[in-house]
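Visitor: Before anything else, here's the structure in question.
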Amino acid sequence: MPRLLCRRTRIRSVTYLAAAFLLLAGTVVQQNMELIQYRRLASNSYTHAFSELSASMNQMATNLEKQTCVTSPSQIAALSAEIYGQSQAAQQAIGELPYADVELEQTAAFVSKVGDYAQAVSRSAAANGGYSGDELKNVKALAKVSKTLSASLDDLEGKLYSGDVALEDLEAVENRLTGTQTTPGAETSESRFKTVETDFPELPTLIYDGPFSDSLQSKNARALEGLEEVSRAQARRAAAEFLEVNPDALMDDGTIAGDVPAWVFRLQGEKGSCSIRVTKAGGKVLNMLCSRGVKGAAVSREEAVRKASDFLQARGYTDLVENYYSEANGALTINFTAVQDDVLLYPDLIKVEVALDNGEIVGFEGENYLMHHVKRGQLKPAITADQAKQSVSKALELMDVRLALIPTPGEQEVLCWECTCQTEEGTRCMVYINAKTGAEEKILLLQEDETGTLVL
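Heads up: the sequence shown begins at 60 in the working numbering, then just goes up one per residue.
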């Protein structure tokens, strides 16, 4: 009898072990299927983003070439509006690619510059009755560069669709950026983008009054003026404190030059990697970006905004208010604006990106803040809010009025009454009335949908 019980026990144990093994195998298979599905969705998203980039660049190159053939202010304005829209679409597409901040820096700067220059040319043509000075020459130069860049992107797009080149997913990007070996001989879009950026055509020097003009790109960061230069060790401690990790966990990742020289560090974690840049002057965090996949949305937008605000407060950014936000790829990007004496300081902008699966901060962009932030003098309006309201169209429903400092074309700033309004169709818009002269200074449309607010 004891021998029979022992045999039954062995059979029962083997049965339980087999069942457990089958359950574990099923779980692994399910997880692998979910991972494959996620990677397929991510790949489709990146392919779509690249197609949008290529299409926008093609249209922009075409319209720039058209612009070299027109002379009337109305045609210049019409084409400039299209070019600006295509510039915005290209920038959005670049932002959706997982390696945009590393391999597409020149391309992103170029499309931003073209869009802003188009606006400046449109204003100039309206004031002067057509092109003035070197504007036509600059438009021709930009058209030539756009055509070259568009051809490079078309070539890469053809290789993507033929299978000769593969768009990387987030894991591949993380492995490459952290030095992990990939499959020998495999050509990815990264290597092709490096070729595009290395062979980037020489740009004309644009002397005009837009915020992306060369004369303004070389200006100093106002928040860093007079601060002593920090060593790499000091910068590493600042980065570690910002990320709330041990300094030893950060790997050196080179330096960047330009208007705001910085030390670069990388943090490799289980879920992905983070790149962080710390300014050599003063040891301030310039930006931070974490690359990882985001699955699902367990965190509400309100909670994400609160987490972003708490994140900034804990790092000494106390005089900021949440302004606009937008959702994309499982993350919420929130724009924060500095405040002084109850006046919004729009040039002093910080962006924080929050993953909606767990509320983790995965992005921080502080360059605008460092470039512009300084204690302003007295921000006193010459006209009252009631007087400013008289300058707003009677066709608009006025909802709110407050003071705001906005950037003008160039590095100037102007104090305005920000009038939040609504059209008869229900579209919200912001009308900025010069707080000194009472003239309309700027009008912005707010395009609101389920992903957030787009300012046009």
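Think of the CB as a built atom: it goes at the ideal place given N, C-alpha and C, for glycine as much as any other residue.
Hey, which unbroken runs of the alpha helix (DSSP H) at 4 residues or more fall wholly within the region 94-156?
Guide: 132-154, all fully within the region 94-156.
Visitor: In the DSSP assignment, find the unbroken beta strand (DSSP E) run with residue 407 in it and report its ends.
Guide: Walking along the sequence shown from the start, residue 407 turns up at place 348. First-last of the beta strand (DSSP E) with residue 407: 402-414.
Visitor: If you follow the alpha helix (DSSP H) that residue 521 is part of, which residue opens it and which one closes it?
Guide: Any question about residue 521 goes unanswered here, given that the chain covers just 60 to 515.
Visitor: Apart from the five residues on each side of it in sequence, which residues of its chain come closer than 7 angstroms, Cβ to Cβ, to residue 346?
Guide: Within the sequence shown, residue 346 is the residue found at index 287, counting from 1. Hits under 7 angstroms: 336, 423, 424, 425 and 426.
Visitor: Which class does residue 448 belong to by DSSP, given the choice of helix, strand or coil?
Guide: For this step, residue 448 is matched to residue 389 along the sequence shown. The answer is helix: DSSP assigns residue 448 an H, G or I state.
Visitor: Classify residue 401: buried if its beta carbon has 16 or more other beta carbons within 10 angstroms, exposed otherwise.
Guide: The residue given as residue 401 occupies position 342 in the sequence shown. The residue is exposed, with fewer than 16 neighbouring Cβ atoms inside 10 Å.
Visitor: Do residue 412 and residue 392 have their beta-carbon atoms positioned less than 7 angstroms apart in this structure?
Guide: Sequence index remark: in the sequence shown, residue 392 carries index 333 (1-based). Sequence index remark: in the sequence shown, residue 412 carries index 353 (1-based). It is a contact, given that the beta carbons lie within the stated cut-off.
Visitor: Quick check: the Cα distance between residue 380 and residue 462, rounded to an integer number of angstroms?
Guide: In the sequence shown, the residue the question calls residue 380 occupies position 321. In the sequence shown, the residue the question calls residue 462 occupies position 403. Taking the straight line from one Cα to the other gives about 14 angstroms.
Visitor: Is there contact here, the region 138-155 with the region 169-183, by at least three beta-carbon pairs under 8 angstroms?
Guide: With a cut-off of 8 angstroms, the region 169-183 and the region 138-155 count as touching, because enough Cβ pairs lie within range.
Visitor: By the three-class DSSP mapping on this structure, what secondary structure does residue 281 have?
Guide: Here residue 281 corresponds to residue number 222 of the sequence shown, with the count starting at 1. Helix.
Visitor: Do the region 126-137 and the region 190-201 make contact, defined as three or more Cβ pairs closer than 8 angstroms?
Guide: Touching, yes, given that three or more Cβ pairs across the two stretches are closer than 8 angstroms.
Visitor: DSSP three-state label for residue 372, please.
Guide: Counted from its first residue, the sequence shown places residue 372 at position 313. Helix.
Visitor: Assuming contact is defined by CB atoms lying nearer than 7 angstroms, are residue 148 and residue 115 in contact in what I supplied?
Guide: Within the sequence shown, the letter at position 89 stands for residue 148. Within the sequence shown, the letter at position 56 stands for residue 115. Against a cut-off of 7 angstroms, the Cβ pair of residue 115 and residue 148 comes out as a contact.
Visitor: Per DSSP, which residues does residue 491 bridge with? Please list them.
Guide: One-based indexing of the sequence shown puts residue 491 at position 432. Answer is 477 and 501, bridged to residue 491.
Visitor: Need the endpoints of the alpha helix (DSSP H) that residue 428 sits in, please.
Guide: Against the sequence shown, residue 428 aligns to sequence position 369. Here the alpha helix (DSSP H) through residue 428 covers 426-431.
Visitor: For residue 338 and residue 452, what's the separation of their Cα atoms in angstroms?
Guide: Taking the first residue of the sequence shown as position 1, residue 338 is located at position 279. Taking the first residue of the sequence shown as position 1, residue 452 is located at position 393. Straight-line Cα distance between these residues: approximately 45 angstroms.
Visitor: Could you check the C-alpha separation between residue 286 and residue 314 for me, to the nearest Å?
Guide: Locating residue 286 in the sequence shown gives position 227, counting from the first residue. Locating residue 314 in the sequence shown gives position 255, counting from the first residue. The alpha-carbon atoms of residue 286 and residue 314 are separated by roughly 19 angstroms.
Visitor: Distance check for residue 432 and residue 341, CA to CA, integer angstroms please.
Guide: Translated into the one-based positions of the sequence shown, residue 341 becomes position 282. Translated into the one-based positions of the sequence shown, residue 432 becomes position 373. Distance between the alpha carbons of residue 341 and residue 432: 14 angstroms.
Visitor: On the DSSP letters alone, give me the boundaries of the alpha helix (DSSP H) that residue 302 sits inside.
Guide: As a first step, residue 302 must be located in the sequence shown, where it is residue number 243. Taken as a continuous stretch (DSSP letters only), the alpha helix (DSSP H) holding residue 302 covers 291-302.
Visitor: Under a three-way DSSP split, which group does residue 161 fall into?
Guide: Walking along the sequence shown from the start, residue 161 turns up at place 102. Reliability fails at residue 161, whose pLDDT of 44 lies under 50, so the model's placement of it is uncertain and the value that follows must be treated cautiously. Helix, per DSSP.
Visitor: Among 419, 304 and 376, which one has its Cα closest to the Cα of residue 327?
Guide: Position 268 of the sequence shown, counted from the start, is the residue given in the question as residue 327. Nearest option by C-alpha distance: 304.
Visitor: Could you tell me which residues DSSP pairs with residue 466 in its beta bridges?
Guide: Reading the sequence shown from its first residue, position 407 is the one you call residue 466. Per DSSP, 472.
Visitor: Using the three-state DSSP reduction, which class does residue 197 fall into: helix, strand or coil?
Guide: Position 138 of the sequence shown, counting from 1, holds the residue named residue 197. Residue 197: helix per DSSP, three-state reduction.
Visitor: For residue 210, which three-state DSSP category applies?
Guide: What you label residue 210 is simply residue 151 of the sequence shown in a count that begins at 1. Three-state result, residue 210: helix.
Visitor: Using beta-carbon positions only, say whether residue 387 and residue 414 come within less than 7 angstroms of one another.
Guide: Walking along the sequence shown from the start, residue 387 turns up at place 328. Walking along the sequence shown from the start, residue 414 turns up at place 355. Result no, Cβ atoms of residue 387 and residue 414 do not sit closer than 7 angstroms.
Visitor: My guess is that residue 296 and residue 312 are in contact by the Cβ rule of under 8 angstroms, so how many angstroms apart are they, rounded?
Guide: On the sequence shown, residue 296 is found 237 positions in, with the first residue counted as 1. On the sequence shown, residue 312 is found 253 positions in, with the first residue counted as 1. In fact, because the Cβ distance is near 16 angstroms, the residues do not count as touching under 8 angstroms.
Visitor: May I ask you to report which of helix, strand or coil DSSP gives residue 362?
Guide: Taking the sequence shown and counting its residues from 1, the one referred to as residue 362 is at position 303. Helix.
Visitor: State the Cα-Cα distance for the pair residue 201 and residue 407, rounded to the nearest angstrom.
Guide: What you label residue 201 is simply residue 142 of the sequence shown in a count that begins at 1. What you label residue 407 is simply residue 348 of the sequence shown in a count that begins at 1. So the alpha carbons of these two residues sit roughly 30 angstroms apart.
Visitor: Give every residue of the same chain whose Cβ lies closer than 6 angstroms to the Cβ of residue 508, excluding the five residues on either side of it in the sequence, and list them in chain order.
Guide: Here residue 508 corresponds to residue number 449 of the sequence shown, with the count starting at 1. Around residue 508: no qualifying Cβ.
Visitor: Using the Cα positions of residue 343 and residue 374, report the straight-line distance between them to the nearest angstrom.
Guide: Position 284 of the sequence shown holds residue 343. Position 315 of the sequence shown holds residue 374. Using only the alpha carbons, I get a separation of about 11 angstroms.
Visitor: Per DSSP, residue 507 forms a beta bridge with which residues?
Guide: Mapped onto the sequence shown, residue 507 falls at position 448. 512.
Visitor: Just the Cα atoms here: how many angstroms apart are residue 497 and residue 487?
Guide: Here residue 497 is taken as the residue at index 438 of the sequence shown, counted from 1. Here residue 487 is taken as the residue at index 428 of the sequence shown, counted from 1. Cα to Cα, residue 497 sits roughly 21 angstroms from residue 487.
Visitor: Here's the rule I'm using: 16 or more other beta-carbon atoms within 10 Å means buried, otherwise exposed. How should residue 119 be labelled?
Guide: On the sequence shown, position 60 is the one that residue 119 refers to. Buried is the call here.
Visitor: Where do the N-terminal and C-terminal ends of the beta strand (DSSP E) with residue 337 fall, by residue?
Guide: One-based indexing of the sequence shown puts residue 337 at position 278. Its beta strand (DSSP E) spans residues 332-338.
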